[in-house]
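Trainee: First residue of the sequence shown: 343, per the working numbering; consecutive thereafter.
The structure's right below; bear with me while I get my questions together.
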Amino acid sequence: MSMLNTAAAVLRCFSPAHPELTTSEVADLLHLPKSNASRVLRAMREAGFIDAVPGSRRYRPGLLHLELGQVLRNGSIQWREAQAVLLRLSRLGRMSGEVSLLDGTEVVRLLRMKDGLPVPPAPGRAAAWDDAAGLALLARLPGAALPALLAQVPPQPGAEAVARTLEAARRESFVRLPGPEERMESLAFAVLDPAREEAIAISLLVPDLSYPEGQRLLPAILTEMRSLAALIGDRDLLRGLAPAQPRAA
């Protein structure tokens, strides 16, 4: 593994659950000799990728990543508008949501809101096939990319089950999964920027759509997602979420 790849692997070790790490912890997580981990961490600190935590032997991500994160957010209309949509939707009722991106076969949660306020996202990353947002993002990948991806799915949930879910997501233009609580469910939409060929997901934990409270919220959710798709230029999503037309008499 090259020094650059090792440095990238080190950065992936940091998460909301592990905001600071020691040399020994990095060595254990990456199965490296402690001397190698120490050398990589020293080089990363000198380059500004990580900072030493004052008064300890721990490290944390450097301010460089915060600056780059702001560049990403401010430079992408897709990201800015997704935040605005999530803010408005989280104020509607008993609903929370997240904005996520796909990194290989993992979904990375970047922002979470509840009742119109940002709250910490779920810690770490998740396998894309175990997450509504991840499945929505996978469904926007080119068909040619799916065989290699499905080959990595473990026996549970299984490649066939994931393939069926992705097929339904393409047909319905969103993913709908049972929520962690009774009478709650997860909805996820992936918006694709055709100019950059990048997708971002908005996932929502909402009251079960089979009940009146969920049915009351659904039109507002679909209206927001149609507006976002139109603004970004995602014609496929816009077409998929188009209101049903009345049949001719």
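Beta carbons: idealized from backbone N, C-alpha and C, even for Gly.
(1) Report buried or exposed for M345, applying the criterion of at least 16 other Cβ atoms within 10 angstroms of its Cβ.
(2) Please confirm whether A379 and V395 have their CB atoms less than 8 Å apart.
(3) List the whole-angstrom C-beta distance separating R454 from V461, where the pair is believed to meet the contact cut-off of C-beta under 8 Å.
(4) Looking only at C-alpha atoms, which of R381, L444, P358 and S357 sits nearest to S366?
(5) Looking at C-alpha atoms only, which residue of L519, G390 and L559 is the closest neighbour of A478?
(6) Give the straight-line distance between the Cα atoms of T447 and L491, rounded to the nearest whole angstrom.
(7) For A351, I'd like the list of residues in its chain whose CB is within less than 6 Å of its CB, leaving aside the five on either flank, ordered along the chain.
(8) Whose C-beta lies closer than 7 Å to the C-beta of V450 among residues of the same chain, with five residues either side of it excluded?
(9) Leaving out five residues before and five after A601 in sequence, what residues of the same chain have Cβ atoms less than 8 Å from its Cβ?
(10) Assign L353 to one of three DSSP states: helix, strand, or coil.
(11) Identify every residue that forms a DSSP beta bridge with L529.
(12) For Q494, is the classification buried or exposed, using 16 other Cβ atoms within 10 angstroms of its Cβ as the cut-off for buried?
(13) For a test of the three-state rule: what should DSSP assign to D473, helix, strand or coil?
(14) Helix, strand or coil, according to DSSP, for A359 in the structure here?
Mentor: Working from what's here:
(1) Sequence index remark: in the sequence shown, residue 345 carries index 3 (1-based). Counting Cβ neighbours within 10 Å, M345 comes out exposed, since fewer than 16 surround it.
(2) In the sequence shown, residue 379 corresponds to position 37, counting from 1. In the sequence shown, residue 395 corresponds to position 53, counting from 1. Going by beta carbons, A379 and V395 fall outside the 8 Å limit.
(3) For the purposes of this step, residue 454 is taken as residue 112 along the sequence shown, with counting starting at 1. For the purposes of this step, residue 461 is taken as residue 119 along the sequence shown, with counting starting at 1. The C-beta distance from R454 to V461 rounds to 5 Å, short enough to fall under 8 Å.
(4) Looking up residue 366 in the sequence shown gives position 24. S366 has its Cα closest to that of R381, out of R381, L444, P358 and S357.
(5) Translated into positions along the sequence shown, residue 478 becomes position 136. The option with the nearest alpha carbon to A478 is L519.
(6) For the purposes of this step, residue 447 is taken as the residue at position 105 of the sequence shown. For the purposes of this step, residue 491 is taken as the residue at position 149 of the sequence shown. T447 and L491: Cα-Cα distance of roughly 7 Å.
(7) Within the sequence shown, the letter at position 9 stands for residue 351. Cβ within range, chain order: L372.
(8) Looking up residue 450 in the sequence shown gives position 108. The residues are S442, L443 and R467.
(9) This structure leaves residue 601 out entirely; the chain is present only between 343 and 591.
(10) The residue you call residue 353 lines up with position 11 of the sequence shown. Note: L353 maps to helix in three-state DSSP.
(11) Walking along the sequence shown from the start, residue 529 turns up at place 187. R518 and L546.
(12) For the purposes of this step, residue 494 is identified with residue 152 of the sequence shown, where counting begins at 1. Classification of Q494: exposed, given that the 10 Å Cβ count is below 16.
(13) On the sequence shown, residue 473 is found 131 positions in, with the first residue counted as 1. For D473, the secondary structure class from DSSP, reduced to helix, strand or coil, is coil.
(14) For the purposes of this step, residue 359 is identified with residue 17 of the sequence shown, where counting begins at 1. In the structure shown, A359 sits in coil (DSSP, three-state: anything other than H, G, I, E or B).
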